[in-house]
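Here is the structure we will look at.
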Amino acid sequence: MQNEEIKQTLITKFGEHVSHFEEPYGMLTFEVDKDNALKVLTFLKEDSGLGFTFLNDLTAVHYPDMKGRELCVVYMVQNIYHSLRVRIKVFIDIEKPEVFTATSIFETANWLEREAYDFFGVQFVGHPNLIRIMNVDEMDYFPLRKDFKLEEQTRKDKDDNMFGR
Amino acid sequence: MPTVGYIHRAFEKIAERRAFYQITPLTDRLNYCSSPINNIGWHMTVEKLIGAQMPKRVDYLRVIIMELARIADHLVCNSVIGVDSGALTGFVYVFEFREYIYEIFEEICGARLTTNIGRIGGFERNFSELAFQKIDKFLKDFPNAMKEFETLLTRNKIFMERTMGVGGINAERALNYGFTGPNLRATGIDYDIRVAHPYSSYEDFELSIPVGSTGDVYDRYLVRNEEIWQSFSLIQQALAKLKDLDPSIYHADIPAFYLPEKKDVYTKIEQLIYHFKIVMGETEIPVGEVYHSVEGGNGELGFYLISDGGRSPYRLHFRRPCFIYYQAYPELIKGGMLSDAVITMSSMNLIAGELDA
Chain A
338 MQNEEIKQTL
348 ITKFGEHVSH
358 FEEPYGMLTF
368 EVDKDNALKV
378 LTFLKEDSGL
388 GFTFLNDLTA
398 VHYPDMKGRE
408 LCVVYMVQNI
418 YHSLRVRIKV
428 FIDIEKPEVF
438 TATSIFETAN
448 WLEREAYDFF
458 GVQFVGHPNL
468 IRIMNVDEMD
478 YFPLRKDFKL
488 EEQTRKDKDD
498 NMFGR
Chain B
364 MPTVGYIHRA
374 FEKIAERRAF
384 YQITPLTDRL
394 NYCSSPINNI
404 GWHMTVEKLI
414 GAQMPKRVDY
424 LRVIIMELAR
434 IADHLVCNSV
444 IGVDSGALTG
454 FVYVFEFREY
464 IYEIFEEICG
474 ARLTTNIGRI
484 GGFERNFSEL
494 AFQKIDKFLK
504 DFPNAMKEFE
514 TLLTRNKIFM
524 ERTMGVGGIN
534 AERALNYGFT
544 GPNLRATGID
554 YDIRVAHPYS
564 SYEDFELSIP
574 VGSTGDVYDR
584 YLVRNEEIWQ
594 SFSLIQQALA
604 KLKDLDPSIY
614 HADIPAFYLP
624 EKKDVYTKIE
634 QLIYHFKIVM
644 GETEIPVGEV
654 YHSVEGGNGE
664 LGFYLISDGG
674 RSPYRLHFRR
684 PCFIYYQAYP
694 ELIKGGMLSD
704 AVITMSSMNL
714 IAGELDA
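First to last, the sequence lines map onto chains A and B.
With my numbering applied, the first sequence covers 338 to 502.
With my numbering applied, the second sequence covers 364 to 720.
Given below as structure tokens:
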């Protein structure tokens, strides 16, 4: 099966809910709206012709300049028998950063979603234990968002202009 | 509910401020038992982004380094399974050879544990004659020690009773939990990145993938032992292939991305310009997103890199196999003895450095 075939199958099944198909460096990449993300993942996993039974990776990306779709949750699923990988993106509003949890489909998603919550503040609705995983529970910011500066903001002894920051 | 522990070194955040060549030392600290695989995996990710093609000799040299690192990694894991079941002797036998491997790394790049080996586009210098001699000596002496180690444990009744049927998982659950590497292969699935998504010319080599059936501690031990022999054979094949190639080539001809040799920087204007451009981040980097994965010591080590054309990555995410399969630990030890929990953990080859990134 080739990327083009997967793309056509998805378009036939989900119509306009899947969009922006690309193939950067050979990996089929597309967007899904957040209400249909789980349906697409389930379909990719359970359709016998596709067989993407392996959630390879789940992470998030912050694009502060894209109004209304600042956070992007990236899923990467894999058909390990045919060496196929597909990347699925779900863009969400940072004011209401909610997507449904994939834990019911893949056990892998449990900690990966907790990590995405910990660092980007993505709320995975229905997650069994959505608490911070690496950072202390009392933390009140999400460190991998672009508005969180790497260096401590209270320091005055470093001139950013001098260091190309 | 188990927790991973409150430590985070923020590699992904730090990487957003660093030039590509400065990220290699960060990858050292992921699975620090096999740092060269992480380093080379990162170099190959950037090479994929910029579309650089490596000469065959670079690929084969990389294969040698990566397979040596895999042997070192598996030796630690398997001998520690022995230690945790009360058999310290085997550990001492094979650790001598892990030391030899570190000496080879030291000869090639100057470092032992956190190697920072190679550069984007190849190696920082050619392998010395002494490095090849050390590799030859390792290849000559290692099989005896490894056979001795296997004789000590593999058919040892106490070891078998401690490990068989302990910490098992079936293939379906293992896939659902995102297992990769020897832990997945011990359940019977022959998924190996070196074969499924070949990189660094692995397609040129003869390689068989050992698989287990029950996915328990004993199977993981057997799979790793066999992988050590496979890696051993890969190194021999790579050395044989090197004989036909021009021995002076150790990097690709991509001056815009490959850091030039220091002595040329001081004497040649062109090299000085390239050096300046690379270090100051003036090089044109393509915009795009790329995922590249390598078969690490304990599973699929992936690099998800989003480049916006700037000096540093816009976002870099490490897929750490340990972090993903450690989730299954409660399920693996449920209903077992407390001492089985210890041996199960050591058989998973859990490296703390891979839990956070």
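The C-beta atom is built at its ideal place from N, Cα and C for all residues, glycine as well.
Status (buried if at least 16 other CB within 10 Å, exposed otherwise) for residue i
i               : result
S385 of chain A : exposed
S576 of chain B : exposed
D579 of chain B : buried
A715 of chain B : exposed
D494 of chain A : exposed
Q415 of chain A : buried
D671 of chain B : exposed
L701 of chain B : exposed
P506 of chain B : exposed
F639 of chain B : exposed
F454 of chain B : buried
A603 of chain B : exposed
D719 of chain B : buried
I521 of chain B : exposed
Y418 of chain A : exposed
R518 of chain B : exposed
V409 of chain B : buried
K376 of chain B : buried
Local conformation of residue i per DSSP, three classes
i               : result
F383 of chain B : helix
H406 of chain B : helix
I343 of chain A : helix
T366 of chain B : coil
L713 of chain B : coil
D671 of chain B : strand
H354 of chain A : helix
F501 of chain B : helix
V377 of chain A : helix
M413 of chain A : strand
D394 of chain A : strand
R502 of chain A : Residue placement at R502 of chain A is poorly supported in this model, since its pLDDT is 46, which falls under 50; the coordinates still yield a value, given next. Looking at R502 of chain A - three-state DSSP - the assignment turns out to be coil, as it is neither helix nor strand.
L421 of chain A : strand
K426 of chain A : strand
F367 of chain A : strand
E469 of chain B : helix
L408 of chain A : strand
E359 of chain A : strand
T349 of chain A : helix
Sheet register partners of residue i (DSSP bridge)
i               : result
N533 of chain B : BP columns for N533 of chain B are empty, so no partner.
H614 of chain B : B:G485
R682 of chain B : B:G665
Q460 of chain A : A:E435
H437 of chain B : Answer is none; H437 of chain B lacks a bridge partner.
H371 of chain B : DSSP lists no partner for H371 of chain B.
Chain-order list of residues whose beta-carbon lies under 8 Å from that of residue i (same chain, five-residue window excluded)
i               : result
K497 of chain B : Y463, E466, I467, E470
R682 of chain B : S656, E663, L664, G665, F666, Y667
Y613 of chain B : R420, V421, L424, G485, F486, R488, N489, F490
Q599 of chain B : L502
V586 of chain B : P545, R548, A549, P573, V574, G575
P388 of chain B : T477, N479
L481 of chain A : A397, H399, F456, F457
Contacting residues, own chain, Cβ-Cβ under 7 Å from residue i (five flanking each side not counted)
i               : result
D455 of chain A : R469, I470, M471, N472
S571 of chain B : Q593
F380 of chain A : K350
T478 of chain B : D391, S398, P399, N402, F468, C472
M527 of chain B : D579, Y581
T452 of chain B : L515
I483 of chain B : F383, Y384, H406, V409, E410, F620, Y621
Distance cut-off 6 Å: residue i Cβ against heavy atoms of the ligand GDP
i               : result
C472 of chain B : Questions concerning the ligand GDP fall outside what the structure shown contains, since it holds no ligand whatsoever.
Proximal residues to residue i (C-beta, below 6 Å), its chain only, five neighbours per side dropped
i               : result
R502 of chain A : With a pLDDT of only 46 at R502 of chain A, under the threshold of 50, the placement of this residue in the model should not be trusted; the figure read from the coordinates follows. Result list for R502 of chain A: empty, nothing under 6 Å.
G531 of chain B : T577, G578, D579
K543 of chain B : For the record, residue 543 of chain B in the displayed sequence is Thr; it is not Lys. Within the same chain, T543 of chain B has close Cβ partners G662, E663, P684.
I617 of chain B : A415, G484
E368 of chain A : S356, H357, K426
F460 of chain B : F505, A508
Curious, which full-length alpha helix (DSSP H) runs of at least 4 residues does the stretch 506 to 586 of chain B contain?
520 to 526, 534 to 539, 544 to 548, 556 to 559
I'd like the ranges of any beta strand (DSSP E) spanning at least 3 consecutive residues and lying wholly in the stretch 622 to 663 of chain B.
650 to 659
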